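Engineer: Counted from 1, the sequence shown has number 128 at position 122 by my numbering; the numbering is strictly sequential. Questions regarding the structure given below will be posed in turn.
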Amino acid sequence: MADTPARADQHTTTGRPERVERSGSSAHLTEVTALATDRGRTSIADGVVAKVAGLAAREIPGVYALGTGVSRAFAAMRKAVPGGRPDVARGVSVEVGEKQCAVDLSIVVEYGAPIAEVAAAVRDHVIESIERMTGLEVVEVDISVDDIHIDQGDDDDTSSRNLE
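What follows is the structure in structure tokens.
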């Protein structure tokens, strides 16, 4: 069984595809990796990859939050509940195969931060973090900037006049 090369369309015993095909690549991955050796396989849950991506994205200066307005509202309610923990995977969607993964992120950027530079830094850091921590190859990281956070300070009257 270990001598049989994996095909891109084969599914493993975990029910997951051997590869995540999102960029049109048709290359076959048959080499031994850190995730599949002659001594066994390691599978990494989608939630683990999503948490790594979410935590890595939040480490970048200029990122205010992850997720859309609705998901951030639910997170605020969850945080207010005693014992509630923040959802570090909020705003993150992943597809995980045996050796590769793809990530979609929804972020909110601080007003004044260069959006393209923040997105590029997030992409690079997420790729580096996932590949270093999981051994998976990240084939793509798509980023959607859904909002800009405007720090209105303590003077609400002045701030609201500036936004009209």
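Cβ atoms here follow ideal geometry from the backbone N, Cα and C, with glycine treated the same way. Since we're looking at a predicted model, the values are computed, not measured.
The beta strand (DSSP E) with Glu134 in it runs from where to where?
Structural biologist: Unbroken run through Glu134 is the alpha helix (DSSP H), Ile121 to Thr140; no beta strand (DSSP E).
Engineer: Three-state secondary structure (DSSP) at Leu72?
Structural biologist: Strand at Leu72.
Engineer: The beta strand (DSSP E) with Val144 in it runs from where to where?
Structural biologist: Segment Glu143 to His155, the beta strand (DSSP E) holding Val144.
Engineer: Per DSSP, what kind of secondary structure is Val51 in: helix, strand or coil?
Structural biologist: Val is not the amino acid found at residue 51; the sequence shown has Ala there. The answer is coil: DSSP assigns Ala51 none of H, G, I, E or B.
Engineer: Beta-carbon within less than 8 Å of Leu72's beta-carbon, same chain only, minus the 5 sequence neighbours each way: which residues are those?
Structural biologist: If we look at Leu72 and ignore the five residues flanking it on each side, its Cβ neighbours are Gly60, Ala63, Arg64, Arg96, Gly97, Val98, Leu111, Ser112, Ile113 and Val114.
Engineer: Does DSSP put Ala12 in a helix, in a strand, or in coil?
Structural biologist: In this predicted model, Ala12 has a pLDDT of only 43, less than 50, meaning its place in the structure is not dependable enough to derive any value.
Engineer: Quick check on Gln158: does DSSP put it in helix, strand or coil?
Structural biologist: Of the three classes helix, strand and coil, the one that applies to Gln158 here is coil, per DSSP.
Engineer: Between which two residues does the beta strand (DSSP E) containing Val114 stretch?
Structural biologist: Segment Gln106 to Glu116, the beta strand (DSSP E) holding Val114.
Engineer: Just how far apart, CA to CA, sit Asp44 and Ile66?
Structural biologist: Using only the alpha carbons, I get a separation of about 38 Å.
Engineer: What residues in its chain sit with their C-beta under 6 Å from that of Asp52, if we drop five residues either side in the sequence?
Structural biologist: Taken in chain order, the residues that qualify are Val100 and Val102.
Engineer: From Ser49, Ser135, Ala126 and Leu142, pick the residue whose C-alpha is nearest to that of Asp148; which is it?
Structural biologist: Of the listed residues, the one whose Cα sits closest to Asp148 is Ala126.
Engineer: Do you know offhand how far Gly2's Cα is from Gly159's?
Structural biologist: Nothing can be reported for residue 2: it is not among the residues displayed for the chain, which extend from 7 to 170.
Engineer: So what's Val94 in DSSP terms, helix, strand or just coil?
Structural biologist: In the structure shown, Val94 sits in coil (DSSP, three-state: anything other than H, G, I, E or B).
Engineer: Strictly by DSSP, which residues pair up with Gly46?
Structural biologist: For Gly46, which the question treats as bridged, DSSP gives the partners Thr43.
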